[in-house]
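Following: one structure in structure tokens, then a few remarks.
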Amino acid sequence: MSKPIFERDPSDPERQKINPALKLLLELGPLLVFFFGNARGEWIAERLPALAGIGGPIFIATALFMVATVIALAVSWALTRSLPIMPLVSGIVVLVFGALTLWLQDELFIKLKPTIINSIFGLLLLGGLLIFRVSLLRYVFDSAFNIDEEGWNKLTVRWGAYFLVMAVVNEIIWRNFSTDFWVAFKVWGFTPLAIAFTMAQMPLISRHSLDEEPAE
1 MSKPIFERDP SDPERQKINP ALKLLLELGP LLVFFFGNAR GEWIAERLPA
51 LAGIGGPIFI ATALFMVATV IALAVSWALT RSLPIMPLVS GIVVLVFGAL
101 TLWLQDELFI KLKPTIINSI FGLLLLGGLL IFRVSLLRYV FDSAFNIDEE
151 GWNKLTVRWG AYFLVMAVVN EIIWRNFSTD FWVAFKVWGF TPLAIAFTMA
201 QMPLISRHSL DEEPAE
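In full-length UniProt numbering, the protein residues as written are 1 to 216.
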């Protein structure tokens with residue numbers, strides 16, 4: 001039997017897991033590349049003339065973001081021989097909206113990307129739990145948390161709501177502030193907010209933890 005292309009169910013004993021630190025790097029790495037590309041776009045264009053024809057810093061950053069996203073997915077595949085579902089969805093949106101951004105030379109499309117991704121994730125999490133009674137969040141955090149079914153369901157509802165709120169926040173930011181501010185907030189605003197939100201869920205995770213008590 002051929003192995004599945006997409007990551008296995010978290011309860012599957014054959015599911016390949018990536019070190020949490022490396023998993024975080026694969027998810028945040030493309031964002032950092034995007035921020036660097038926008039901040040140093042002119043410097044990059046001077047040293048790599050082939051990129052100068054793409055456009056200004058935001059367009060160079062978009063191209064680098066697309067490449068970094070593909071590399072991150074390729075590394076994930078090389079390590080586990082499967083594709084992580086949520087990063088794959090995010091990667092598809094990045095490539096589609098990034099291509100539109102470069103083709104039409106309109107930064108609107110890359111600015112809409114976080115709104116689309118957060119909306120998709122929020123609706124997937126809440127819809128999956130409501131319709132199929134499945135916590136898709138386990139595919140993301142199974143290697144980090146060992147909690148019971150009730151805990152996963154509560155955590156899924158909270159993260160689903162969080163993603164929808166972040167979609168609204170992105171709309172407010174890009175519509176009311178400069179492109180440079182939006183790029184900075186995308187990296188240094190959204191990421192700390194995600195970390196803070198995760199830390200705020202630790203009491204719930206602790207209450208529903210399945211970890212064995214240490215022996216006396």
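Every residue, glycine too, gets a C-beta built ideally from N, C-alpha and C.
Asked, Found
"Opposing strand residues paired with I172 [DSSP bridges]", "Answer is none; I172 lacks a bridge partner."
"Nearest candidate by alpha-carbon position, reference V65, set S82, M166, E171 and K111", "It should be noted that the sequence gives Phe, not Val, for residue 65. Of the listed residues, the one whose Cα sits closest to F65 is K111."
"Sequence ranges, alpha helix (DSSP H) only - wholly within the region 139–205, length at least 4", "149–176, 179–188 and 190–200"
"Burial state of E150 (16 or more Cβ within 10 Å)", "exposed"
"Under the three-state DSSP convention, the category S82 falls into", "coil"
"Member of E107, K113, E27 and K154 whose CA lies at the smallest distance from the CA of S206", "K154"
"Selected residue, minimal CA-CA separation from F197, among I172, K186 and M166", "M166"
"First through last residue of the alpha helix (DSSP H) which encompasses I120", "L108 to I131"
"Nonlocal neighbours in the same chain, by C-beta distance under 7 angstroms from E216, ignoring five residues either side", "Its pLDDT being 41, under 50, E216 is placed unreliably in this model, and the value from its coordinates should be taken loosely. Result list for E216: empty, nothing under 7 angstroms."
"For S209, three-class secondary structure by DSSP", "strand"
"Whole-angstrom distance between A52 and P203, CA atom to CA atom", "50 angstroms"
"Inter-stretch contact (C-beta, 8 angstroms, three-pair minimum) for the region 76–92 and the region 110–130", "yes"
"Best match in K186, N176 and G98 for proximity to V67 [C-alpha to C-alpha]", "G98"
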